[in-house]
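Chemist: Here the UniProt record's numbering is used: the first residue of the sequence shown is 1, the next is one more, and so on.
Let me give you the structure first, and then I'll get to my questions.
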Amino acid sequence: MAAGVDCGEGASARQHVFLVPDTACFYRLTDCGNSALEYLKEASKKMKSGLMFVKLVNPRSGEGVSYLFNMCLPQLFEIKVFKEKNHSWFINESVQSGGLLHFATPMDPLFLLLHYLIKADREGKFQPLDQVVMDDMFPNCILLLKLPELEKLLQHVTEEKEIDKKKYYKYSKEKTLKWLEKKVNQTMAALKTNNVNVGARVQSTAFFSGDPLSSDKEEDYIRYAHGLISEYIPKELSDDLSKYLKLPEPPASVPNPPSKVCASRVLTPKEIPLHQV
């Protein structure tokens, strides 16, 4: 099954392949020269599977990026785009150059909620969640409040009070660091299971599956995993997490921790624990 944007007669359309998890179908999205978010929004209108593309805040940069919501579950997905040189798609009777592959991977909504909880913590008081998760720039953030087991998830990163049967929340750095440490440990386990070489001697652009008896140190795994998780949290919190994990300052000769894109070359999306725990 495919969904496309009607570009009108004679329009030169560019096709995009989008892979949605837990389904056997590819969605073929058609770009008519609009922005990526515009064609994703148009495609979501034509998908009858409960999928919805929305623009939400990037918890690391604070800028807007596209995410995918499954409104039936509901569930949040991050959209990743992979591009390699000299790759193309053969779609119907045409060859689409570029070879871009868009696909969605499950993402823990707490990474996005943290952005609003940390911001609200500046007021230093407990607040109802619907007053915390508000954003004039990204009004669809209220969809995060519709996700299942939200109160259970918030226990990982907030203190909670109940007054007159209404719950109020306040960001807890202590709880958040413990939760992030769990994420780091899960990432380390996935790296080791897949025999990923994370030693400092490996260049950031050439990670590969190494020998299980490689000389990678525990610190290398912690630093690598910390770098991956840091892609989803503010820099200040990333620095706090580094101190919490007791990571020493890296030598000047050691390259920066690789990005999630490098790790994704050797780990499948489900093995990078960005989903709920």
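Positions of the beta carbon are idealized from the N, C-alpha and C atoms, including for glycine.
Comparing alpha-carbon positions, which option in 110, 102, 249, 219 lies nearest residue 141?
Modeler: Here residue 141 refers to the residue found at position 141 when the sequence shown is read from its first residue. Considering only alpha carbons, the answer is 110.
Chemist: Note down the Cα distance separating residue 27 from residue 54, rounded to an integer number of angstroms.
Modeler: Within the sequence shown, residue 27 is the residue found at index 27, counting from 1. Within the sequence shown, residue 54 is the residue found at index 54, counting from 1. The predicted position of residue 27 is uncertain, since its pLDDT is 45 and thus under 50; no value can be drawn from it.
Chemist: With a Cβ-Cβ cutoff of 8 Å, do residue 59 and residue 112 count as a contact?
Modeler: Position 59 of the sequence shown, counting from 1, holds the residue named residue 59. Position 112 of the sequence shown, counting from 1, holds the residue named residue 112. In this structure, residue 112 lies closer than 8 Å to residue 59 by Cβ.
Chemist: Anyone know if the C-beta pair for residue 150 and residue 132 falls short of 8 Å?
Modeler: As a first step, residue 150 must be located in the sequence shown, where it is residue number 150. As a first step, residue 132 must be located in the sequence shown, where it is residue number 132. Not in contact: residue 150 and residue 132 (Cβ atoms no closer than 8 Å).
Chemist: May I ask which residues mark the beginning and end of the alpha helix (DSSP H) holding residue 152?
Modeler: On the sequence shown, residue 152 is found 152 positions in, with the first residue counted as 1. Taken as a continuous stretch (DSSP letters only), the alpha helix (DSSP H) holding residue 152 covers 150-154.
Chemist: Which of the three DSSP states, helix, strand or coil, is assigned to residue 139?
Modeler: On the sequence shown, residue 139 is found 139 positions in, with the first residue counted as 1. Here residue 139 sits in helix by DSSP.
Chemist: On the DSSP bridge assignment, give the partners of residue 170 in chain order.
Modeler: The sequence position of residue 170 within the sequence shown is 170, counting from 1. Per DSSP, 159.
Chemist: Would residue 43 be called buried (16 or more neighbouring beta carbons within 10 Å of its own) or exposed?
Modeler: By one-based count along the sequence shown, residue 43 stands at place 43. Model confidence at residue 43 stands at a pLDDT of 49, short of 50, so the residue's coordinates are unreliable; what they give is reported in the following sentence. Buried.
Chemist: Pick out whichever of 128, 159, 134 has its Cα sitting closest to the Cα of residue 165.
Modeler: The residue labelled residue 165 in the question sits at position 165 within the sequence shown. Of 128, 159, 134, the residue nearest in Cα terms is 128.
Chemist: Below 8 Å between beta carbons: does that hold for residue 104 and residue 63?
Modeler: For the purposes of this step, residue 104 is taken as residue 104 along the sequence shown, with counting starting at 1. For the purposes of this step, residue 63 is taken as residue 63 along the sequence shown, with counting starting at 1. Taking 8 Å as the Cβ cut-off, residue 104 and residue 63 do not qualify as a contacting pair.
Chemist: Where do the ends of the alpha helix (DSSP H) carrying residue 111 lie?
Modeler: Residue numbering aside, residue 111 sits at position 111 when the sequence shown is read from its first letter. That run of the alpha helix (DSSP H) goes 110-120.
Chemist: Name the one or two DSSP bridge partners that residue 104 has.
Modeler: Here the question's residue 104 lines up with position 104 in the sequence shown. Bridge partners of residue 104: 79.
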